[in-house]
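Since the structure comes first, as structure tokens, the remarks are kept for the end.
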Amino acid sequence: MDLPFVVATLTRRGLLTPGRPIRVAAQLNSLRRWGWSLAGELRQAAARDPGRTALVDEQGAELTYAELLDRSEALARALRAAYGLHAGERIGVLCRNHHGLIETIVAATLLGVDAVLVNTGLSAAQLATVAEEQRLRALVHDDEFAERLLGLPDELPRLDERAREKLTVDALPGSLTPPERDGRIIVLTSGTTGAPKGARRPTPNGFGPLVAIIDRIPLHVRDRVLIAAPIFHTWGFAALQVCFALRATIVLHRRFDPAATLAALVTHRCDALFAVPVMVQRLMEVPPPDPKPRLKVVAVSGSALPGGLATAFMDTYGDVLHNLYGSTEVSWASIAGPAELRAAPTTAGRPPHGTRVAILDEAGEPVPRGRVGRIFVGNEMLFEGYTSGADRERHDGLVDTGDLGRMNTDGLLFVDGRADDMIVSGGENVFPSEVEHLLAQLPQIREAAVIGVPDTEYGQRLAAFLALHPGETLDPDAVREYVRHYLARFSVPRDVVFVKYLPRNATGKVLTRELRRYYE
44 MDLPFVVATL TRRGLLTPGR PIRVAAQLNS LRRWGWSLAG ELRQAAARDP
94 GRTALVDEQG AELTYAELLD RSEALARALR AAYGLHAGER IGVLCRNHHG
144 LIETIVAATL LGVDAVLVNT GLSAAQLATV AEEQRLRALV HDDEFAERLL
194 GLPDELPRLD ERAREKLTVD ALPGSLTPPE RDGRIIVLTS GTTGAPKGAR
244 RPTPNGFGPL VAIIDRIPLH VRDRVLIAAP IFHTWGFAAL QVCFALRATI
294 VLHRRFDPAA TLAALVTHRC DALFAVPVMV QRLMEVPPPD PKPRLKVVAV
344 SGSALPGGLA TAFMDTYGDV LHNLYGSTEV SWASIAGPAE LRAAPTTAGR
394 PPHGTRVAIL DEAGEPVPRG RVGRIFVGNE MLFEGYTSGA DRERHDGLVD
444 TGDLGRMNTD GLLFVDGRAD DMIVSGGENV FPSEVEHLLA QLPQIREAAV
494 IGVPDTEYGQ RLAAFLALHP GETLDPDAVR EYVRHYLARF SVPRDVVFVK
544 YLPRNATGKV LTRELRRYYE
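Count along the sequence shown from 1, add 43, and you get the number used in this note's numbering.
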């Protein structure tokens, strides 16, 4: 650990501000006993700032850090008493963003139980598969998902919102001691092209991961933060971890609505917003409120920023946009700040402190600057493998992201797309993402997705799926001519398909498997 750098960063962000000695001692003791698990982070925040508002949600909950910890501990004791949960077992959590989701995850980690964060977009069949593969001992769920549970075995305990609240309120008093092992967080991969896999997230072992993020993204102690990104997703969960570490006030909405989000940012005087790129795109489709939110940070991750979105957003809301590139398996790889996004709107930025990024060829050898290769990443938060026992390819401590990209001479990373998405058309390598970024700049297009499909003459060809803004029209030949003007001929989509909207999962990623069904 680079101690001077860590101390300097923590000081800049307000984490080393002096406080009441008894509270500082309690804070440090919480970290000593409970570590940097989510339970440990909540405990340290409650010890240092017990009366500070920890969480506000649209259900009317407004909990201080002390109250949030008390409720989480009560739920943990009740789950242990009711279901005999032991360290190392797993529970599923199928919830949107609200206080019950947070309390359930913390309760699991207090017991050393692994929390499987279930994507709210899964079908009933997918949920049944996840429950079987992850060997769930119980499932905590929101009421709205009751119909998706019909395929689950009868013996699997389910807790809806009323049952969870009753357990919390009726829990017998008692105390909890640190479990024999940390409760892991298991995040499901996005499953945009196939079945989702369970990825075991590591527990941070110190300040390193936090410092890597807040050095590049200017978040501060006691900020007010709206987490719009789903917390079952790696980015949303990372936002929760950062907020607990910073003793921030967290604002949550169950569903994302652009107008409601902008109103909440103003009402709650939010300093920061965590979102996924499609949410930023939707914010740009509604008129800015008057007054505008006074944001210091809008942090996005989860997919590429399309076209000129970064520039357009900053022109409206100021130079506050930060784009983090990463994955469930590597957590983060690089961060692009406002200045970098102004200079190169599609860049993924630079690796933060303590992170290594290498662009390798098929033999695992580094490629020259500017040449496309496979992106490998190393940092303190690499995943611990899939719950199935499988792993991703590793080289010299670096994990394969599954993406292709290049590093320019200035050290900026550019992601060309998933390795699986690249097509070979007439012997030429073609990246659909390059075409998507170009199409997204057309004012008539609301959203665009480009995929490779089989072609009898060239092996593969590109197909563009376009959703237009209301009242707009486009001619397919005009679309092709536009692409032909800027890119090589094999990048021109031979198929142009107009759709009402693009199919997306709950984190905003386009479901390419649904688009391919158009050709079945």
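For glycine and all other residues, C-beta sits at the position ideal for the given N, C-alpha and C.
Inset, instruction - Grab me the residues of residue 342's own chain with a C-beta within less than 6 angstroms of its C-beta, minus the 5 sequence neighbours each way, in chain order. - result: 260, 317, 365
Inset, instruction - Consult DSSP for residue 120 and reduce its assignment to one of helix, strand or coil. - result: helix
Inset, instruction - Could you have a look at residue 323 and say whether DSSP puts it in helix, strand or coil? - result: helix
Legend entry - Close Cβ partners of residue 447 (< 8 angstroms) along its chain, the five nearest in sequence each way excluded: 415, 416, 417, 418, 458, 459, 460, 461, 462, 465, 474
Legend entry - CA nearest to the CA of residue 283, picked from 301, 302, 262: 262
Legend entry - Cβ pair residue 376, residue 422 closer than 9 angstroms: yes
Legend entry - residue 221 to residue 173 span [Cα, whole Å]: 28 angstroms
Inset, instruction - Can you check the stretch 515-555 for any alpha helix (DSSP H) of at least 4 residues that lies completely inside it and give the ranges in chain order? - result: 519-529
Legend entry - Whole-number beta carbon distance between residue 308 and residue 338, since they are thought to touch under 8 angstroms: 7 angstroms
Inset, instruction - Could you spell out the range, first to last residue, of the alpha helix (DSSP H) harbouring residue 382? - result: 381-386
Inset, instruction - Mind checking which residues open and close the alpha helix (DSSP H) that includes residue 482? - result: 475-482
Inset, instruction - Given a cut-off of 9 angstroms, decide if residue 537 and residue 510 are closer than it, judged by their beta-carbon atoms. - result: no
Legend entry - Same chain, Cβ closer than 7 angstroms to residue 515, five either side skipped, listed in chain order: 487
Legend entry - Contiguous alpha helix (DSSP H) assignments of at least 4 residues, all confined to the stretch 198-249: 204-213
Inset, instruction - Determine the burial state of residue 162: buried for a count of at least 16 other Cβ atoms within 10 Å of its Cβ, exposed for fewer. - result: buried
Legend entry - Inter-residue Cα distance where the pair is residue 198 and residue 121: 19 angstroms
Inset, instruction - Could you tell me how far apart the beta carbons of residue 424 and residue 374 are, in whole angstroms, since I believe they sit closer than 8 angstroms? - result: 4 angstroms
Legend entry - Under the three-state DSSP convention, the category residue 184 falls into: strand
Legend entry - 7 angstroms Cβ shell around residue 243 - same chain, five flanking residues per side excluded: 227, 229, 426, 427, 428, 430
Legend entry - Classification of residue 296 by the beta-carbon crowding that lies within 10 angstroms, buried from 16 upward: buried
Legend entry - Contacts around residue 389, its chain only, beta-carbon distance under 6 angstroms, and the 5 residues preceding and following it disregarded: 480
Inset, instruction - Going by DSSP, name the residue or residues bridged to residue 401. - result: 419
Legend entry - 3-residue-minimum beta strand (DSSP E) runs that sit fully inside the stretch 280-349, ordered along the chain: 292-295, 315-318, 340-344
Legend entry - Where residue 513 sits in the DSSP three-state scheme: coil
Inset, instruction - Confirm the yes/no value for this check: CB of residue 176, any heavy atom of the ligand ZN, distance under 8 angstroms. - result: Looking at this structure, you won't find the ligand ZN or any other ligand, since it has none at all.
Inset, instruction - To the nearest angstrom, report how far apart residue 310 and residue 99 are at their CA atoms. - result: 12 angstroms
Inset, instruction - Could you tell me the distance, in whole angstroms, from the CA atom of residue 499 to the CA atom of residue 469? - result: 11 angstroms
Legend entry - CB-CB length for residue 451 against residue 413, believed under 8 angstroms: 6 angstroms
Inset, instruction - Within its chain, find whatever has a CB closer than 6 angstroms to the CB of residue 484; leave out the 5 residues flanking it on each side and keep chain order. - result: 350, 351
Legend entry - Alpha-carbon to alpha-carbon, residue 334 and residue 94: 30 angstroms
Legend entry - Neighbourhood of residue 80 by C-beta, 7 angstroms cutoff - its chain only, sequence neighbours within 5 removed: 152, 225, 226, 246
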